[in-house]
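Residue numbers (our numbering): 6 to 438.
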């Protein structure tokens, strides 16, 4: 969410930013919120003047009432002032009600106007315009055919989607045996990897209140992702970033405590509504999965430096497990409304002979901090921090990349050395059939 002062002073810049995001239907909102803001400020000014006048008139009434004991003519003058005070009080009540209504209308519009994107963001209407920046590792294509990822898992008796369908429906799975252990081993390795980078490990609440939901994400994301708990002011998290950032709602952070660098584990729950939908057969797009996440809360001047550090950590993690990846800058139309800049880390799929998303790193500027009323107390006063988040690893997708890149023609799957301690020393997975 932008600062209303910025919108008031730079309406054309805000409109240009909206055009860059291909959201022309939001252009009228800028003029509307500027108009409402002017009306609100006028109401605030008049109300302030009335409050000052009330204090002055009250003193005059008191003085005249004292004088009326000796001069009865002063009583009539005092009563006239009392009537004026009464009228002013009625008008003040109207203005205060008006301020409240206008403030709510302004907030609703400001929650919809997108964040100003960074100058480096490529311009385009959708993810087809995302720009490859660089590749890491050789994207090899084997001479033999690689099976579909669930077929590989089934050879290890490692997945049961039929039973999950009977129990919960599409978008769920049972992981079993070596595949389940590999899944948890990757998460444990990712946790220790981030701790080694100086991040503090956290396990957050897996449900959050609506005030946190609206503080950390746009309404469109909320509608397409979040599961509401019936009869409760609670939502299941779609990613631990939501509850991790929400931890700081209405908090004042001492500047000396920055940056806050945290890595969190959680299950994640998503409706997956919209164009992509739920994948019927595989585990690429599902309703429930587990993830290791990283977040940073920092000074505004440090956020872009942290952005670069964070996506590079994901690259390092995947390369340590022998998986080729590339970095892709997200274009303006592919950015959620709260994001200043974002990039995807995509893993190589030798079966499909293309890359697919496994991590997403985002700089949200001060948008979440403003929505959550998060402040920093520094030497030069109070200010809004910047927030960033990035996927460390989400094993369902990670498993696809892992199995395909370590699969051999005989059906065995190599385990990289970094994972040996998490797999009980197992170096090769051998299929059962």
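Where is the CB? At the ideal position from N, CA and C, for every residue including glycine.
Here residue 195 has 297, 397 and 398 as same chain residues with Cβ atoms under 6 Å from its own Cβ, once five neighbours each way along the sequence are excluded. For residue 313, the secondary structure class from DSSP, reduced to helix, strand or coil, is helix.
Under the Cβ criterion (8 Å, minimum of three pairs), the region 129–141 counts as touching the region 331–348. In chain order, 240 place their CB closer than 6 Å to the CB of residue 233, counting only its own chain and leaving out the 5 sequence neighbours on each side. For a cut-off of 8 Å, the C-beta gap from residue 340 to residue 38 is around 21 Å, too long to register as a contact. Going by beta carbons, residue 328 and residue 410 fall inside the 8 Å limit. CA-to-CA, the gap between residue 104 and residue 229 works out to about 33 Å. 8 Å or more divides the Cβ of residue 111 from the Cβ of residue 22. By the neighbour-count definition (other C-beta atoms within 10 Å, threshold 16), residue 200 is an exposed residue. Considered as a whole, the region 171–227 harbours 205–207 as its complete beta strand (DSSP E) runs of no fewer than 3 residues, in chain order. Remark: C-beta atoms of residue 294 and residue 242 do not approach each other more closely than 8 Å. Contact between residue 157 and residue 408 is confirmed by a C-beta separation of about 5 Å, below the 8 Å threshold. In the three-state DSSP reduction, residue 395 falls in the strand class (E or B). Taking the Cα positions, residue 209 is about 18 Å away from residue 189.
Non-local C-beta neighbours of residue 366 in its own chain, meaning closer than 6 Å and more than five positions away in sequence, comprise 315, 316, 348 and 395, ordered along the chain. The beta-carbon separation of residue 154 and residue 287, rounded to 6 Å, stays under the 8 Å limit for a contact. Sequence-distant Cβ neighbours of residue 384 in its own chain, meaning closer than 8 Å and more than five residues away, are 260. Residue 385 carries a coil assignment under DSSP once its states are collapsed to helix, strand and coil. In this chain, the alpha helix (DSSP H) harbouring residue 377 covers 372–377. In terms of Cα proximity to residue 215, the closest of 204, 31 and 231 is 231.
A direct Cα-Cα distance of roughly 53 Å separates residue 96 from residue 132. Residues of the same chain with a CB within less than 8 Å of the CB of residue 276, apart from the 5 flanking positions on each side, are 229, 230, 231, 232 and 292 in chain order. Taking the Cα of residue 378 as reference, the smallest distance to any Cα among 318, 258, 362 and 427 is reached at 258. With fewer than 16 other CB atoms across the displayed protein chains lying within 10 angstroms of its CB, residue 206 is exposed.
When 302, 62 and 166 are compared, the shortest CA-CA separation from residue 204 is found for 302. When the beta-carbon positions are compared, residue 319 and residue 368 stay at least 8 Å from each other. Note on geometry: alpha-carbon atoms of residue 406 and residue 353 lie some 7 Å from one another.
The closest CA to that of residue 312, considering only 40, 53, 251 and 123, is found on 123. Here the alpha carbons of residue 159 and residue 33 stand approximately 54 Å from one another. The DSSP-derived three-state label of residue 250 is helix. According to the DSSP secondary-structure assignment, residue 368 is paired through a beta bridge with 346 and 393. Residue 417 sits away from residue 404, with the two beta carbons spaced by 8 Å or more. Taking all protein chains shown into account, residue 438 has fewer than 16 neighbouring C-beta atoms within 10 Å of its C-beta and is therefore exposed. For residue 400, the uninterrupted alpha helix (DSSP H) run begins and ends at 400–410, by DSSP. When DSSP states are grouped into helix, strand and coil, residue 39 belongs to the helix group. DSSP, read as helix, strand or coil, puts residue 335 in coil.
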